[in-house]
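Residue numbering for the sequence shown follows my numbering, starting at 866 and increasing by one per position.
See structure below.
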Amino acid sequence: APYDATVAAPLIISWPGRIPEGKVCKHPVNAPDLVDLFCRTAGVNVPWKTHGRDIRPLLQNPGTTEWKSPLLMTHTSRSYGAETDEIPTDERLTSSSGVPWYALLRDGQYKYIRNLVAGETEELYDLEADPEELTNLAAKPSQAARLRELRAKAIAELRRTDAKFVDRLPPTRAELGR
């Protein structure tokens, strides 16, 4: 599921003389970011896109507040590559432990979640105020602008990472007027 209790884990990197010791970085990274880091560090040019962000600035300055690159994580169950071009509407949508396909975006202290099921409610969490992700802020009028902003950033990241399904996202509960 797209919640930190399920997907968050500490990453410990030690590189004496190259990165500061004993520092903590609060910015999340994901597997494509690590692949990008390893390939850049080793001087390997992969002949295909990996969509990782260059996280070397975070290694050099773990406490930076200048990092403005949101993290995108997509879950497409047991489907990969071209199998993810279309969002399924059958059992493939939830074939991984009943968890539907989703896209989550972490941007600063906020997390946006969009389950790729028609009629689902979008989710928005303030991870500083609500680290357990118990209060969905998406329906609060005071959060409408933030919800629109993070939805747009998620769609932009899906486009950046060549997610072919991005222009065929199922309508949310709000878009269906429920």
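We put the beta carbon where it would ideally sit given N, CA and C, even for glycine.
### Task
Please name the residue, chosen from K976, K914 and S879, that lies closest to V872 on a Cα-to-Cα basis.
K976
### Task
Would you identify the three-state DSSP class for K1029, choosing helix, strand or coil?
In the three-state scheme derived from DSSP, where H, G and I count as helix and E and B as strand, K1029 is classed as helix.
### Query
Applying the criterion that 16 or more other CB atoms from any shown protein chain within 10 Å of the CB defines a buried residue, is Y941 buried or exposed?
According to the sequence as given, residue 941 is Thr; it is not Tyr. So T941 ends up on the buried side.
### Query
Among N895, T1000, W932 and D869, which one has its Cα closest to the Cα of E987?
T1000
#### Entry: Exposure label - R971; buried when at least 16 CB within 10 Å
So R971 ends up on the buried side.
#### Entry: chain B contact for D995 (CB, 8 Å cutoff)
Considering every chain present, this structure includes no chain B. It has just one protein chain.
### Message
To the nearest angstrom, how far is the alpha carbon of E948 from that of I877?
### Response
Between E948 and I877, the alpha-carbon positions lie close to 33 Å from each other.
### Task
Using only alpha-carbon positions, find the residue among P881, P922, V889 and D1032 that is nearest to D898.
P922
### Message
Checking 8 Å against the spacing of the C-beta atoms, do H916 and T1026 come in under that value?
### Response
yes
### Message
If I measure Cβ to Cβ from R1033 and keep anything under 8 Å in the same chain, skipping five residues before and after, which residues do I get?
### Response
If we look at R1033 and ignore the five residues flanking it on each side, its Cβ neighbours are E951 and I952.
### Task
Return the residue from the list Q974, A1009 and A1010 that minimises the CA-CA distance to P935.
Q974
### Alpha carbon of L989 to alpha carbon of P996, nearest angstrom
12 Å
### Message
Closest to T930 by C-alpha separation, out of A1010, K1005 and V889, would be which residue?
### Response
Taking T930 as reference, the option from A1010, K1005 and V889 with the minimal CA-CA separation is V889.
### Query
For L876, which three-state DSSP category applies?
coil
### Task
Label V894 either buried or exposed according to how many other C-beta atoms from any shown protein chain fall within 10 Å of its C-beta, with 16 as the threshold for buried.
Buried, by the Cβ-count rule.
### Query
First and last residue of the beta strand (DSSP E) that includes L970?
Y967 to D972
### Query
Is DSSP giving T986 helix, strand or coil here?
coil
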